[in-house]
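Participant: Have a look at this one before I ask anything.
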Amino acid sequence: MKTFTHRRRKLLGPLNDRSLRSSMLMATFLAIVGWCFAENTETQSIRLLGAPQLNESSGLGFSFRDLNCVWTHNDSGDRARLFCFDRTSGEATGRCELPGVRAIDWEAMASVPVTKDETAKLIIADCGDNDAVRPFISLYRFDEPDPHDNTKLDKADCEVLRVRFPGGPVDCEAVWYDPLEECTVLVAKGRLPIAAVYTVDDSLWEKAAQRSRTIASSLAEPSRAPEKGASDPQTVMATQITTLALPMATGGDRDPLTGDVWIASYFQAFRFPRGEYSRLSDQLGQLPVATEMPRLRQVEAIAVDEKGGVWVTTEGSQPLLHPIAPQATDSNATSVD
Numbered sequence: 001m002k003t004f005t006h007r008r009r010k011l012l013g014p015l016n017d018r019s020l021r022s023s024m025l026m027a028t029f030l031a032i033v034g035w036c037f038a039e040n041t042e043t044q045s046i047r048l049l050g051a052p053q054l055n056e057s058s059g060l061g062f063s064f065r066d067l068n069c070v071w072t073h074n075d076s077g078d079r080a081r082l083f084c085f086d087r088t089s090g091e092a093t094g095r096c097e098l099p100g101v102r103a104i105d106w107e108a109m110a111s112v113p114v115t116k117d118e119t120a121k122l123i124i125a126d127c128g129d130n131d132a133v134r135p136f137i138s139l140y141r142f143d144e145p146d147p148h149d150n151t152k153l154d155k156a157d158c159e160v161l162r163v164r165f166p167g168g169p170v171d172c173e174a175v176w177y178d179p180l181e182e183c184t185v186l187v188a189k190g191r192l193p194i195a196a197v198y199t200v201d202d203s204l205w206e207k208a209a210q211r212s213r214t215i216a217s218s219l220a221e222p223s224r225a226p227e228k229g230a231s232d233p234q235t236v237m238a239t240q241i242t243t244l245a246l247p248m249a250t251g252g253d254r255d256p257l258t259g260d261v262w263i264a265s266y267f268q269a270f271r272f273p274r275g276e277y278s279r280l281s282d283q284l285g286q287l288p289v290a291t292e293m294p295r296l297r298q299v300e301a302i303a304v305d306e307k308g309g310v311w312v313t314t315e316g317s318q319p320l321l322h323p324i325a326p327q328a329t330d331s332n333a334t335s336v337d
């Protein structure tokens, strides 16, 4: 009991027990009641066709090379690969194989907009840990492949970070790239509505690459070889920025137009408006706006397109790509700085 209480306090961060318990009960009650009365709007869905190997869509990210395409991948049990679809017709357009990457439990992916080197990227999060036993999770980052081609990447094409969490292993499914904070955001998933939020800063990718280059150079010169037991240059520590009273987080993304943050659970999607908040931790500290999930088969992925439309995918073969919030009209479409 002492160990559990200590770990719970570390996880809860700034929230006190009384306010958290109240928020937990209210969040759970509203989520279940609201979902029970949600309408079944499956007729609006687009079925993803032409990739029978896709049977458990677990991550979702819109392409920056072709805004009409969307990437997704399977949950655990598949090899390391991505599938790409036309989001209007649902037809498969391409795929990407990563033969040098091990897929333990891929739970999420994120699209990274054009960066300083003018190359859009994708991030894959191998972060599932139902039993909370993994010493680290893995993030893979690479240039976005052609969404209209079948691509095979070499291991050298992928950057990797092995991410540890303060306080020990964490099961995680909600991951997105945050261009405003220049970091990857990870939200813990738990059976109770307690969700710790972590970030992995962009600078850690370059620092890890620099450490790897230094070690490689040292190995070429025996007199400079690293000591035995030296830490893995690709292992980094995530930073916890806040804790949310939110149950079973399964996906997340930031709206590129408004700056709003969306976090999905099995029953609802929660929108945290950008407002005047300059920091992500402050933005997530407000009361979110809840949108009921349609009565679809289990939803585990969410992504926001370039016009602010919010989409989810379902489990099962020929999964559904379903809109849960409309795209912005020309009159109210304002890009985030």
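In UniProt numbering, the protein residues as written are 1 to 337. All residues carry an ideal CB built from backbone N, CA and C; glycine is no exception.
Determine the direct distance from the alpha carbon of Gln-318 to that of Asn-55, and round the result to whole angstroms.
Facilitator: Walking along the sequence shown from the start, residue 55 turns up at place 55. Walking along the sequence shown from the start, residue 318 turns up at place 318. One C-alpha to the other measures close to 7 Å.
Participant: Just how far apart, CA to CA, sit Met-237 and Thr-199?
Facilitator: Translated into the one-based positions of the sequence shown, residue 237 becomes position 237. Translated into the one-based positions of the sequence shown, residue 199 becomes position 199. Taking the straight line joining both Cα atoms gives about 9 Å.
Participant: Over the uninterrupted alpha helix (DSSP H) stretch that includes Asp-282, give me the two end residues.
Facilitator: Within the sequence shown, residue 282 is the residue found at index 282, counting from 1. Here the alpha helix (DSSP H) through Asp-282 covers 280-283.
Participant: By the 10 Å Cβ neighbour count, where 16 or more other Cβ atoms means buried, how is Gly-252 classified, buried or exposed?
Facilitator: Residue 252 sits at position 252 when you count from the first residue of the sequence shown. Under this definition Gly-252 is a buried residue.
Participant: Using CA coordinates, which residue listed in Pro-166, Leu-257 and Asp-201 is at the minimum distance from Ala-132?
Facilitator: Counted from its first residue, the sequence shown places residue 132 at position 132. Nearest of Pro-166, Leu-257 and Asp-201 to Ala-132, Cα basis: Pro-166.
Participant: Evaluate Asn-130 with the Cβ neighbour count: other Cβ atoms within 10 Å of its Cβ, from every protein chain shown; 16 or more gives buried, anything less gives exposed.
Facilitator: Walking along the sequence shown from the start, residue 130 turns up at place 130. Taking all protein chains in view, the Cβ of Asn-130 is surrounded by fewer than 16 other Cβ atoms within 10 Å, so the residue is classified as exposed.
Participant: State buried or exposed for Leu-287, treating a residue as buried only when at least 16 other CB atoms are found within 10 Å of its CB.
Facilitator: Within the sequence shown, numbered from 1, the residue matching residue 287 stands at position 287. Exposed.
Participant: Is it buried or exposed, Thr-3, if we count other Cβ atoms within 10 angstroms and call 16 or more buried?
Facilitator: Locating residue 3 in the sequence shown gives position 3, counting from the first residue. For Thr-3, the pLDDT reaches just 42, beneath the cut-off of 50, and the residue's location in the model is therefore unreliable, although a value from the coordinates is still provided. With fewer than 16 Cβ atoms within 10 Å of its Cβ, Thr-3 is classed as exposed.
Participant: Answer yes if the region 105-117 comes into contact with the region 145-160, meaning at least three C-beta pairs across the two stretches below 8 Å, and no otherwise.
Facilitator: The answer is no - the region 105-117 does not touch the region 145-160, with fewer than three Cβ pairs under 8 Å.
Participant: Give a yes or no on whether the C-beta atoms belonging to Arg-65 and Leu-82 are separated by under 8 Å.
Facilitator: Your numbering for residue 65 matches position 65 in the sequence shown. Your numbering for residue 82 matches position 82 in the sequence shown. Arg-65 places its beta carbon 8 Å or farther from that of Leu-82.
Participant: On the three-state DSSP scale, how would you describe Asp-154?
Facilitator: Taking the first residue of the sequence shown as position 1, residue 154 is located at position 154. Three-state result, Asp-154: coil.
Participant: Taking only three categories from DSSP, how would you classify Gln-286?
Facilitator: Translated into the one-based positions of the sequence shown, residue 286 becomes position 286. In the structure shown, Gln-286 sits in coil (DSSP, three-state: anything other than H, G, I, E or B).
Participant: When the Cα of Ala-245 is compared with those of Asp-143, Ala-195 and Leu-204, which residue comes out closest?
Facilitator: Taking the first residue of the sequence shown as 1, we reach residue 245 at position 245. Among Asp-143, Ala-195 and Leu-204, the Cα nearest to that of Ala-245 is on Ala-195.
Participant: Using the beta-carbon count (16 or more within 10 Å), is His-259 buried or exposed?
Facilitator: Indexing the sequence shown from 1 puts residue 259 at position 259. Residue identity check: residue 259 is Gly in the sequence provided, not His. Answer is buried; the Cβ neighbour count reaches 16.
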